[in-house]
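Chain order of the listed sequences is A and B. If you use our numbering, the first sequence corresponds to residues 1 to 189, in order. If you use our numbering, the second sequence corresponds to residues 190 to 1140, in order. Ideal Cβ positions, reconstructed from N, Cα and C, are used throughout, including at glycine.
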Amino acid sequence: MGTTASQLDKDLLSEYQELTFLTKQEILLAHKRFSELLSKDERNFENTRVSMERILTLPELKSNPFRERICHVFSTSDQKNGSLTFEDFLDLLSAFSDSATLEIKSHYAFRIFDFDDDGTLDCGDLEKLVNCLTGETDDTRLTTDEMRQLINNILEESDIDKDGTVNLSEFQHVISRSPDFVSSFKIVL
Amino acid sequence: MPRKSDAAKMDEVGIEIDGEVSDSDDGVAQRRNNRRQAAGRGGAKGRGRGKKPASDDEDEADEEEDEAPRGRRGANKKKPAKKRGDDDDDDSEDEAPKRKRGGAANKKKGGKAQDSDEEDSDAPKGKKGRGGKGGKKGEKEEEETKGKKGDAKGKDKGKDKDDDKDKKKKKKKDDSSSDSSSNSDEEEESMSEGEMARLMEEVEEKKKLIANIRNKPWRMKRRLTHLKEAQAFVDKFEGALGKGKGRKWYAYKVMMTKKWIKFQRDFENFRTACIPWERKIKEVESHFGSSVASYFIFLRWMYGMNLVLFGFTFGLVVIPEVLMGLPYGSIPRKTVPREEQDTAQDYSVLMDFNGYCKYSVLFYGFYNNERTIGLLKFRLPLSYLMVGIGTFGYSLMLVIRTMAKNADVGGGDGEEGEFTFAWKMFTSWDYLIGNAETADNKYASITTSFKESIVDEQENQKDENIHLRRFLRVLANFLITCSLGGSGYLIYFVVKRSQEFATRDDLSWYEKNELEIIMSLLGLVCPPLFETIAELEDYHPRIGLKWQLGRIFALFLGNLYTFLFALFDEVNTKLEEEQAIKNASIYAMKEYYANYSRLMNDSEATPPPMDPADVIRGPCWETAVGIEFVKLTVSDIQVSYLTILIGDFARAVIVRFLNYCWCWDLEAGFPSYGEFDISGNVLGLVFNQGMIWMGAFYAPGLVGINVLRLLSSMYYQCWAVMATNVPHERVFKASKSNNFYMGLLLLVLFLSLLPVVYTIMTLPPSFDCGPFSGKSKMFDVVMETIDLDLPAFMGTLFSYAANPGLIIPAVLLMVLAIYYLNSVSEAYKNSNMELKKKMQMARDEEKNRRNNTDSTNQVMKDLEDLLPNRSLAPPPEPEKPPEPEPKPTKTKPGAAGKGVDLQKDVALASPNPNARGPVSRAPGPRGQGPGPRPGPGPGPGRGRGRGPPPR
């Protein structure tokens, strides 16, 4: 699989089109943007990884509160450092693309929100999620009371089996009813 | 933990099945249901336990036999399968939790897992084949099941899924359940036949996999491997299919399909490349979030629609007239009258669309009523009418189609309020935001909305002084009604006055353009006024926004319709005037002809030798109406552009540069930068479109002007929004508002259709201008075409069709059809709801069964008996928690019985009127036991481990 220096070869390109929700132009653009993140000599290697820090310099991800989670979720790195190969990068863009299905999107959203990677959203995950959503500054933070109330309300609504956590199917159930999840769960290069 | 997650896994599977059952045959579904139940019980209670799984195994074994021939064929696939093994390692890392579950299930399964090595990593998928003949076929199976993601349920489950997905499996299953052994024997012998069919199905399956592979949440690497494998398989065996004569044809078909797919993809690529302003909108999107971008997307959509309308109008009306019609100056209607000729080229006159503009292709009056023009015998009048009507038809179709598509995509049938918190939590971030400032605003707005909803939940109604508030609201509505009425009257007054002015010559610039100025000013001043008045009402901002939109809509609509009525008045006076002129000119012509034939002794009637500019002509009300609309549109453009320039740009410049030498902080303080007013802009666009629709029939050039406007608007507003505006403090989301705007557009379209159709159907066209001159009604041109150009029988056919005796029954039939469809859709909706409830109920039941120990389970059942609408009505759901909640925290599961009984009584004692009570109270106890909840954890697990399924 040659993500060669400057040009993607044709077969691979068509395979990527087959495998992702991206169009040819988008893949080429992604490749261009990805190559820009690599230094000169790195470009000649196949499957080069770009470190998370470098990926996060992309303006599309810079202000996203979940940027690190996104990298971790899509990374195939063994060291769990959130670094991405070009294919991981394409995976990311595909999941966030306009034409991706609700199922895919909600699957990845779940993984992104699942901060401890244990397969369910428990109270800790939800708390972190709320903190991500309300920003880093203190004045926007919720108080402990509010936080507890909020998490309880959320579990109230979405935890169907009452095990104190939200699992994937419960999550998808909630998400699939939402009118604007699909339209906002998008990242376009 | 593994157990718990195992249970969780079950839910997931259960749901998937629910989803998939629906799209397969009923018979199979039925059988599968049985199986599923077996699987459910078996899977949950530990695999190695009962009789049930064993019997399933037999079933399975049959199938394996059945598969034998294919297994042989499949041997050459062993390699890929092996490869998949490695591949799964890669996979396991991303599906760690699932694998854990798989492992757990595996342990329980015990002796059944023979080839443990591979099984370990493939536990989710591989189990199916193990019960049967092992090794080779196992791998084969596994390879086939690979389309499904990890699945701890083992073979029954795997099987279910299989046949959800592939027909092949279904068929096989049928075989196996009916006459499996004989069938398999037979097939062993006559391999070619069945083999072929099976191979074909397999190929089909692979193809399906190729088509759907992007829907799988896998790593790219894994998908790539699968894709390659599947493609290799298809390539290898596709050619082998079909035999004899069929083979060539089949190969050809396959090739063509491939080509077609490629073409489709290329075409898709091409199409997306053709969508303009993608980058621009994306830039705006990342700066301001999706709501502002939704305006630009709407603008782009509008532009596309207008481009098509423009194509119709210019291609079928304007260009033919220009190319083939009589040139300027040839006949009176195409000539500027003598008395106007001096000023006809003045800039001010042209700006009012008088002079040469008035007598150009831009307006109705210029078109000649010759039936056909040019060498091509182009029927211009007919085409004019058809384009006029087609414009509406096309717009209507497009708007409705877009609305339907939007509604489809939205899919949000969840009732409001069901998941308010969860939605706020999970879907409120707009991932498109790529700008730090917007992100900060978003954080703030999310925090506010969290806090707000918490407060809402806590104290739903704070009744301070309800009377005062009511009084204020009534007052506000009264004020707004007054201002609406006032603006309507003002417009009526101005139109009347302009008719007066029309007879005079000594007019100042203001007097000439009074109407347009007043209308634009009203549009400018009223919305902020409404906003100020709305402060009195003290609504929630979201509701406030809706009111605001409704009021602006009412204002625009009122103004537009007042304008129209005033215009009709004018038209009527013009019609009378025209009648007089017509009579006079007919009389003069008669006189002339009489004199002519008397003097010259020649009955040949030759038209009087008169310059076309000197001919007396009627007022041509159609052109007058067209001019009004064009003027209105142009002044609207001017005003909106000036507003942006002054209101946004100048303000931004002042704030930016005066800030250095000012006594307070201008950027943060009073003037600040402008925000992009989405709703106002969208409404402006919608109303502008309404004017275009109304005016396009009388001024074909209006569509062209509008296209230019939208085009420039796109660039101008994009620039303005990026350069001068700041992101909203409250970042709204686009969400469903798209369809809301479309709904407005549809309403406006309908409202603008009314007057135009009315004029076409009832008012007599001017006698000396326009394509329909000389006819008593505009649509007579259709009759004429039918009579003269179509064969006679068509004419009679139409006359029958136009007979009231036919039309009335037809209308009745349509009404009946609408009624019928309506009631059918109602019924579907109901049954949909029923099914949803049923699904929810089933799921709840299943979960309760799994999660509760024997003792509490009985209680739960009792509860369900007592609360029949427990899961029927989601909103009172909050009542549910009180029962299961106290259990884990206060009592041991074993002793739960009595405790919960009490609890239940309490819960029942406070039914609906106090529904809020339990809501705010319920979360309390739960909050004390957060985390993984050690209490109930072992409870369900134990229950699952030992007790028989509580049925």
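Start and end residues, alpha helix (DSSP H) containing residue i
i      : result
I826/B : 810 to 832
F115/A : It is not in any alpha helix (DSSP H) - F115/A carries neither H nor E in the DSSP assignment.
C715/B : 703 to 724
P59/A  : 59 to 62
N992/B : Note, N992/B: premise wrong, no alpha helix (DSSP H); not H, not E.
K24/A  : 24 to 37
S176/A : 168 to 177
E528/B : Here E528/B belongs to no alpha helix (DSSP H), and DSSP marks it neither H nor E.
G882/B : Before going further, note that residue 882/B is Trp rather than Gly in the sequence given. Here the alpha helix (DSSP H) through W882/B covers 867 to 885.
D541/B : No alpha helix (DSSP H) contains D541/B, which DSSP labels as neither H nor E.
M147/A : 144 to 158
Y484/B : 467 to 502
K613/B : 609 to 616
P509/B : 508 to 513
T131/A : Correcting the residue identity first, residue 131/A is Asn in this sequence and not Thr. 123 to 134 is the span of the alpha helix (DSSP H), which, as asked, contains N131/A.
I843/B : 840 to 847
R69/A  : 67 to 74
Within chain A, the residues that residue i reaches when beta carbons sit closer than 7 Å
i      : result
S479/B : S183, S184
A462/B : Q25
Partners in chain B for residue i, counting only beta-carbon separations shorter than 8 Å
i      : result
S63/A  : I622, G623, N624, A625, T627, A628
F267/A : This structure leaves residue 267/A out entirely; chain A is present only between 1 and 189.
E36/A  : Here the premise fails: no neighbours, minimum Cβ distance about 16 Å.
V174/A : F608, A611, W612, F615
T48/A  : Residues of chain B passing the Cβ test: none, with the nearest at roughly 15 Å.
Neighbourhood of residue i by C-beta distance below 7 Å, restricted to the same chain and skipping five residues each side
i      : result
D803/B : R527
L126/A : I151, I154
K62/A  : L56
E817/B : L756
Y750/B : none
D207/B : A caution first: D207/B carries a pLDDT of 40, below 50, which makes its placement in the model too unreliable to give a value.
D602/B : Low confidence applies to D602/B: its pLDDT is 48, below 50, so where it sits in the model is not reliable enough to give any reading.
Nonlocal neighbours in the same chain, by C-beta distance under 6 Å from residue i, ignoring five residues either side
i       : result
I741/B  : P716, L872
I562/B  : M513, G514, L569
L574/B  : V970
S371/B  : Confidence is the limiting factor: at S371/B the pLDDT is only 43, short of 50, which leaves the residue's position unreliable, though a coordinate-based value still follows. So no residue of the chain qualifies.
L571/B  : V970, T974
K1081/B : Note that K1081/B scores 39 on pLDDT, short of 50, meaning its location in the model is unreliable and no value can be drawn from it.
Cross-chain neighbours of residue i in chain B, by beta carbon under 7 Å
i      : result
K24/A  : N458
L19/A  : I402, R403, M409, R412, L413, L416
I104/A : N404, P406
Residues of its chain near residue i, where Cβ-Cβ distance is below 8 Å and the 5 sequence neighbours each way are ignored
i      : result
I27/A  : L8, L13, Y16, Q17, T20, L90
L22/A  : Y16, A30, L90, L93, S94, S97
I399/B : L416, A419, Q420, V423
Chain-ordered neighbours of residue i on chain B, where CB pairs are closer than 9 Å
i      : result
T134/A : Y632, A633, I635, T636, F639
A109/A : F615, T616
8 Å Cβ cut-off: residues of chain A touching residue i
i      : result
K471/B : V188
S475/B : P59, E60
Partners in chain A for residue i, counting only beta-carbon separations shorter than 9 Å
i      : result
R489/B : Per Cβ cutoff of 9 Å: no residues; R489/B is ~14 Å from chain A at best.
Checklist entry - Should the region 895 to 910 of chain B be called in touch with the region 469 to 478 of chain B, which here means at least 3 C-beta pairs below 8 Å? => result yes
Item to check | Continuous alpha helix (DSSP H) assignments of at least 4 residues falling wholly in the region 887 to 952 of chain B | outcome: 890 to 913, 926 to 951
Checklist entry - Is the region 942 to 953 of chain B touching the region 869 to 888 of chain B, taking contact as three or more C-beta pairs under 8 Å? => result yes
Next on the checklist: Tell me whether the region 816 to 833 of chain B and the region 694 to 712 of chain B touch, counting them as touching only if at least three CB pairs, one residue from each stretch, are closer than 8 Å.
Outcome noted: yes
Next on the checklist: Three Cβ pairs or more, each shorter than 8 Å: is that satisfied between the region 51 to 62 of chain A and the region 28 to 40 of chain A?
Outcome noted: yes
Next on the checklist: Under 8 Å, with one C-beta from each stretch per pair, do the region 830 to 838 of chain B and the region 909 to 918 of chain B reach the 3-pair mark?
Outcome noted: yes
Next on the checklist: Quick check on the DSSP output: what are the complete alpha helix (DSSP H) runs of length 4 or more inside the region 383 to 460 of chain B, in order along the chain?
Outcome noted: 409 to 427
Next on the checklist: I'd like to know if the region 754 to 761 of chain B and the region 669 to 685 of chain B are in contact, where contact means that at least 3 CB-CB pairs between them fall below 8 Å.
Outcome noted: yes
Checklist entry - How do the region 770 to 778 of chain B and the region 486 to 501 of chain B stand: do at least 3 beta-carbon pairs fall below 8 Å, yes or no? => result no
Checklist entry - Are three or more beta carbon pairs between the region 443 to 459 of chain B and the region 111 to 124 of chain A nearer than 8 Å? => result no
Next on the checklist: Three Cβ pairs or more, each shorter than 8 Å: is that satisfied between the region 805 to 820 of chain B and the region 953 to 967 of chain B?
Outcome noted: yes
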